[in-house]
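To start, the structure itself, in structure tokens.
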Amino acid sequence: MAGRFFVKQDHQGPPGVAHGGVIAAALDEAMALAVHAEGIGAWTRSLRLELSAPAAVGTFVHVEARIDVRSERRLETSAEATGDGGERVAAATATFVRRDLDSV
300 MAGRFFVKQD HQGPPGVAHG GVIAAALDEA MALAVHAEGI GAWTRSLRLE
350 LSAPAAVGTF VHVEARIDVR SERRLETSAE ATGDGGERVA AATATFVRRD
400 LDSV
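If you're matching positions, the sequence shown starts at 300 in the working numbering and goes up one per residue.
Here it is in structure tokens:
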């Protein structure tokens with residue numbers, strides 16, 4: 300699953316830079332979409348994030364996510380965010396637990 304988002308002023312944490320929580324949310328959402336694109340209902344159980352470089356306000360952040368390991372109950376995923384110049388902004392891994400989303 301791949302996508303991108305534009306870092307707006309509203310996403311700012313430190314002056315001129317995206318808040319780390321915005322980057323974390325984008326990576327979590329990308330991993331969830333990778334899971335749901337396979338027709339699997341699941342929720343994030345845990346999320347691990349490593350921030351590498353700032354993402355400036357007024358730039359795009361590119362996000363790519365994948366499913367790395369599948370089991371009967373869990374899925375292990377990973378994602379990476381890069382800036383317009385290809386520099387790594389952040390990386391994340393997450394564990395998803397399979398759920399019947401119709402029962403929520």
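Backbone N, C-alpha and C define an ideal beta-carbon position, used for all residues, glycine too.
Give every residue of the same chain whose Cβ lies closer than 6 Å to the Cβ of residue i, excluding the five residues on either side of it in the sequence, and list them in chain order.
i    : result
A301 : E363
M330 : A364, T376, A378, A393
For residue i, which residues of its own chain have a beta-carbon under 7 Å away from its beta-carbon, when the five flanking residues on both sides are left out?
i    : result
T394 : R344, S345, R373, E375
E386 : A352
A341 : V334, L374, F395, V396, R397, R398
For the alpha helix (DSSP H) that residue i lies in, which residues bound it at each end?
i    : result
D327 : 319–336
Of the residues the options, which one's Cα is nearest the Cα of residue i?
i    : options          : result
R365 : Q308, H318, L326 : L326
For the beta strand (DSSP E) containing residue i, list its first residue and its last residue.
i    : result
R365 : 359–369
Could you round the C-beta distance between residue i and residue j to whole angstroms and report it? I think they count as a contact, below 8 Å.
i    : j    : result
A380 : G315 : Contact doesn't hold; Cβ gap of about 17 Å is too wide.
V360 : R303 : 6 Å
Which same chain residues, not among the five before or five after residue i, have their C-beta less than 8 Å away from its C-beta?
i    : result
T358 : F305, V306, G382, D383
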